[in-house]
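*Asks:*
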Amino acid sequence: MIYVVGHKNPDADSICSAIAYAEFLRKRGYDSIGVRAGELNKETLFALQSFGVEVPPEIPKTISSEDVVYLVDHNEKSQMAECINEDVIVGIIDHHKLGGLKTPKPIFVRIEPVGSTCTILSKIYREEEIEITRKIAGLLLTGIISDTVVFKSATTTSSDEEEAMRLSSIAEIDIEQYGMELMKKKSDIEDVSPEEILRRDFKEFDFNNHRVGISQVELVDVSLIEPKIGGIIEEMRKMVEQEYELVVFMVTDIIEEGSR
Numbered sequence: 001m002i003y004v005v006g007h008k009n010p011d012a013d014s015i016c017s018a019i020a021y022a023e024f025l026r027k028r029g030y031d032s033i034g035v036r037a038g039e040l041n042k043e044t045l046f047a048l049q050s051f052g053v054e055v056p057p058e059i060p061k062t063i064s065s066e067d068v069v070y071l072v073d074h075n076e077k078s079q080m081a082e083c084i085n086e087d088v089i090v091g092i093i094d095h096h097k098l099g100g101l102k103t104p105k106p107i108f109v110r111i112e113p114v115g116s117t118c119t120i121l122s123k124i125y126r127e128e129e130i131e132i133t134r135k136i137a138g139l140l141l142t143g144i145i146s147d148t149v150v151f152k153s154a155t156t157t158s159s160d161e162e163e164a165m166r167l168s169s170i171a172e173i174d175i176e177q178y179g180m181e182l183m184k185k186k187s188d189i190e191d192v193s194p195e196e197i198l199r200r201d202f203k204e205f206d207f208n209n210h211r212v213g214i215s216q217v218e219l220v221d222v223s224l225i226e227p228k229i230g231g232i233i234e235e236m237r238k239m240v241e242q243e244y245e246l247v248v249f250m251v252t253d254i255i256e257e258g259s260r
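In terms of my numbering, the sequence shown has 210 at position 210, counting the first letter as 1, and numbering is strictly consecutive.
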C-alpha cells in the first residue's frame, strides 16, 4: 500500500493534496490511499463536504515494511507523523524549503517555489495527461485558494493563479465567492479553545538543535482573537516550559493583508 500524507495539524492544502495525489497514483495503477496526520479544521471539512468527499482515514500507527509513504506539503521530520520512518518514504511533493530530511536511498522529489502543493499536483495531472474530475479539481482549487489566501499571500505566483483558473472551470466554481466562503470558515474561532487555535496551524522546526514552534491564524476580522489572547499566551508559556525553546504566534488579517 502507498500512503500519501501531509503534515501534522493538517490544513486544507495538506489534506487536499494527499487525497488528490493518492487518486493520481490509483489512476496510474498503484494501490494508494490519502490519509491524514491529525484532525481536520472547519475550512477543510467544509471543502470536503462541498465536493462530496469523505474525510480521509488517519494514518496507521504502524507502517508495515511492505508499505511506503509519499509526503505532501512538508519535508521536515518534526512535522511528520510519528509512525513514519525515513526508510519507508519514497517521495516528496512540496512547496516549502528543504528541511534536512535524510533517506537511506534515492526518492522522487518535486519541490517548487509556488504558493500551494495543490498547484504542483494540478501541473502533474496535466503533464501526465490524467483526467481531473470535478471533485479533484475542487479539492486542488481549495488547497490553492487556502494557502495563497485567495492570491493575497506574498507567496502567490502566476502558476498558482493559472492553475486555479483551469481548476475553477472544471469544478464549476466562482473563485472569489468560494474563496470568501473558505476564509469565513477559516476565521470561525468562536467555539475554538485557545489551545486548539494555537495547535490548528502549528509547525515545528529544528533551528540548529533549537526546537521552535510557529503557529498562525488567518482571520477576516482580527478583533475575533482579542478575547482569546490571554489564554493563547498561557498555552504558549506551557509549551515553552514543557517542549519548546521558543513559540511564535502570528495573526494574519486576510482583508488588510498583514500579520502581527
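Here a beta-carbon is modelled for each residue, glycine too, at the ideal position from N, C-alpha and C. The model shown is predicted, which means the values in this text are computed figures rather than measured ones.
Taking just the CA atoms, how far does Asn208 sit from Phe51?
*Replies:* Each residue's Cα considered, the two are about 42 Å apart.
*Asks:* Are the beta-carbon atoms of Ile120 and Glu112 separated by less than 8 Å?
*Replies:* Cβ distance < 8 Å, so Ile120 and Glu112 count as in contact.
*Asks:* Can you list, in chain order, the residues of its chain whose CB lies under 6 Å from that of Cys16, leaving out five sequence neighbours each side?
*Replies:* Cys118, Leu139, Thr142 and Gly143
*Asks:* Go ahead and pull the three-state DSSP assignment for Leu246.
*Replies:* strand
*Asks:* DSSP has His95 in a bridge; who is on the other side?
*Replies:* Paired residues: none, contrary to the question.
*Asks:* Does DSSP put Ile107 in a helix, in a strand, or in coil?
*Replies:* coil
*Asks:* Nearest by alpha-carbon distance to Thr103: which of Ser116, Ser78, Ile89 and Val114 is it?
*Replies:* Among Ser116, Ser78, Ile89 and Val114, the Cα nearest to that of Thr103 belongs to Ile89.
*Asks:* Compute the beta-carbon to beta-carbon distance between Val55 and Val35, rounded to the nearest angstrom, for a pair I have assumed lies under 8 Å.
*Replies:* Rounded, the Cβ-Cβ distance is 10 Å, inconsistent with contact.
*Asks:* Please look up how many angstroms separate the CB atoms of Lys8 and Gln79, rounded, as I've assumed it's under 8 Å.
*Replies:* 6 Å
*Asks:* Among Gly213, Arg200, Tyr178 and Val192, whose alpha-carbon lies nearest the alpha-carbon of Phe46?
*Replies:* Tyr178
*Asks:* Just list the residues that DSSP pairs Tyr3 with in beta bridges.
*Replies:* Ile33 and Val69
*Asks:* For Asp11, name the three-state secondary structure that DSSP assigns.
*Replies:* coil
*Asks:* What does the alpha-carbon distance come out to for the pair Val247 and Val240?
*Replies:* 7 Å
*Asks:* Among residues of its own chain, excluding the 5 on either side of Lys214, which ones have a beta-carbon nearer than 6 Å to its beta-carbon?
*Replies:* Correcting the residue type first, residue 214 is Ile in the shown sequence and not Lys. Closer than 6 Å at Cβ, skipping near neighbours: Lys203 and Val248.
*Asks:* Could you check which residue in Arg134, Gly6, Lys77 and Leu25 has the C-alpha nearest to that of Arg211?
*Replies:* If we check each option's Cα against that of Arg211, Lys77 comes out closest.
*Asks:* Using a Cβ-Cβ cutoff of less than 6 Å, which residues in the same chain neighbour Ile132 once the five nearest sequence positions on both sides are dropped?
*Replies:* Closer than 6 Å at the Cβ level, and outside the excluded window around Ile132, lie Tyr125 and Ile170.
*Asks:* Using alpha carbons as the reference points, say which of Leu198, Tyr244, Phe205 and Asp160 lies closest to Gly230.
*Replies:* Leu198
*Asks:* Using a Cβ-Cβ cutoff of less than 8 Å, which residues in the same chain neighbour Met236 once the five nearest sequence positions on both sides are dropped?
*Replies:* Leu198, Val247 and Phe249
*Asks:* Rounded to whole angstroms, what is the Cα-Cα separation between Asp73 and Asp11?
*Replies:* 10 Å
*Asks:* Could you pull the start and end residues of the beta strand (DSSP E) that Phe46 belongs to?
*Replies:* It is not in any beta strand (DSSP E) - Phe46 instead sits in the alpha helix (DSSP H) that spans Lys42 to Ser50.
*Asks:* Under three-state DSSP, which class holds Glu128?
*Replies:* Three-state result, Glu128: coil.
*Asks:* Under 8 Å by Cβ, that's how I've got Val220 and Ile255 pegged, so tell me the actual separation to the nearest angstrom.
*Replies:* 6 Å
*Asks:* Give me the DSSP bridge partner(s) of Phe151.
*Replies:* Phe151 is not bridged to any residue.
*Asks:* Please confirm whether Ala22 and Ile33 have their CB atoms less than 8 Å apart.
*Replies:* By the CB criterion at 8 Å, Ala22 and Ile33 fall inside the cutoff.
*Asks:* Kindly indicate which three-state DSSP category Lys203 falls into: helix, strand or coil?
*Replies:* strand
*Asks:* Between Glu245 and Gly100, what straight-line distance do the alpha-carbon atoms span, to the nearest angstrom?
*Replies:* 20 Å
*Asks:* Rounded to the nearest angstrom, how far is the Cβ of Pro60 from that of Cys83, given a contact under 8 Å?
*Replies:* 7 Å
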